[in-house]
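Asks:
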Amino acid sequence: MGACRSNELYQMNIQDVKIVRKFTINSTFYNIVKKYIDLRPSYVKINSFFLNYQKSKCTIQRIGKNKFADIGRQIAKYLNLPNPESYTGRCYRRSSATLYIDGGGDLTGLKRHGGWKSTQVAEGYIDQSMRNKATTADTIAKEINSNVPSSCSTAIEIPNICIKNSTKVNDDSQPIQFINCTITNFNVFNK
Numbered sequence: 023m024g025a026c027r028s029n030e031l032y033q034m035n036i037q038d039v040k041i042v043r044k045f046t047i048n049s050t051f052y053n054i055v056k057k058y059i060d061l062r063p064s065y066v067k068i069n070s071f072f073l074n075y076q077k078s079k080c081t082i083q084r085i086g087k088n089k090f091a092d093i094g095r096q097i098a099k100y101l102n103l104p105n106p107e108s109y110t111g112r113c114y115r116r117s118s119a120t121l122y123i124d125g126g127g128d129l130t131g132l133k134r135h136g137g138w139k140s141t142q143v144a145e146g147y148i149d150q151s152m153r154n155k156a157t158t159a160d161t162i163a164k165e166i167n168s169n170v171p172s173s174c175s176t177a178i179e180i181p182n183i184c185i186k187n188s189t190k191v192n193d194d195s196q197p198i199q200f201i202n203c204t205i206t207n208f209n210v211f212n213k
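Okay, here's the thing in structure tokens:
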């Protein structure tokens with residue numbers, strides 16, 4: 023499922039859906055694909071899987087390459103995503119790869135899924151995965167926190183500090199700095 027190029031979507035025929043291992047549709051999306059096939063007008067003679075839809079009706083014309091390339095932008099615009107023009111015909115493969123990696127997929131599976139021979143290309147999708155970035159950050163933070171010797175720990179309790187908005191601060195004063203510490207309770211009150 024997914025990882026199709028715009029040109030592959032353009033060339034997809036109705037028979038391709040039945041070919042094993044060409045395009046895989048699992049049970050989650052089977053009913054959607056089946057409904058799409060069932061809604062196909064019987065008088066259509068072309069075998070293209072995707073038909074043009076205009077004025078609330080399917081036409082006998084296939085969806086063109088440029089239309090496929092523009093669908094990502096249209097969806098991004100509909101969803102009010104920032105920079106919808108950046109969603110090009112490549113967004114199908116990029117989205118599929120990102121979802122695969124965010125779902126816990128590995129590099130070998132990603133290469134197989136997208137048909138990439140180059141590890142470097144596939145790794146680009148892993149680098150862009152937000153879940154992967156969060157996992158990396160968590161791993162680094164965990165290691166940093168586990169290597170802090172207990173002798174470095176200092177507990178200071180300051181019951182109340184009141185800084186009024188009218189307090190003048192000159193250029194010689196130093197800001198309050200918290201370095202390598204845990205603040206367990208920090209409240210800001212506006213009086």
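In our numbering, the protein residues as written are 23 to 213. Yeah, the Cβ is synthetic: ideal placement off N, Cα and C, and Gly gets one too.
1) I think residue 136 touches residue 119, with their Cβ atoms under 8 Å apart; what is that distance to the nearest whole Å?
2) Examine the Cβ distances between the stretch 125–136 and the stretch 98–105 and report whether three or more of them are shorter than 8 Å.
3) Can you find the residues in the same chain that come closer than 8 Å, C-beta to C-beta, to residue 37, ignoring five residues on each side of it along the sequence?
4) Locate the beta strand (DSSP E) running through residue 84, then write down its first and last residues.
5) How long is the line joining the alpha carbons of residue 129 and residue 162, rounded to whole angstroms?
6) Please tell me whether residue 123 and residue 78 are closer than 9 Å, where the distance is taken between their beta carbons.
7) If you follow the beta strand (DSSP E) that residue 58 is part of, which residue opens it and which one closes it?
8) Taking the continuous beta strand (DSSP E) assigned at residue 76, which residues delimit it?
9) Pick out whichever of 159, 139, 168 and 88 has its Cα sitting closest to the Cα of residue 30.
Replies: If we stick to the structure as given:
1) Confirmed, about 6 Å.
2) Cβ pair count under 8 Å is below three, so no.
3) Same-chain partners within the cutoff: 69.
4) Its beta strand (DSSP E) spans residues 79–84.
5) So the alpha carbons of these two residues sit roughly 21 Å apart.
6) Result no, Cβ atoms of residue 123 and residue 78 do not sit closer than 9 Å.
7) No beta strand (DSSP E) holds residue 58; the alpha helix (DSSP H) holding it covers 49–60.
8) First-last of the beta strand (DSSP E) with residue 76: 73–76.
9) Nearest to residue 30 by C-alpha distance, out of 159, 139, 168 and 88, is 88.
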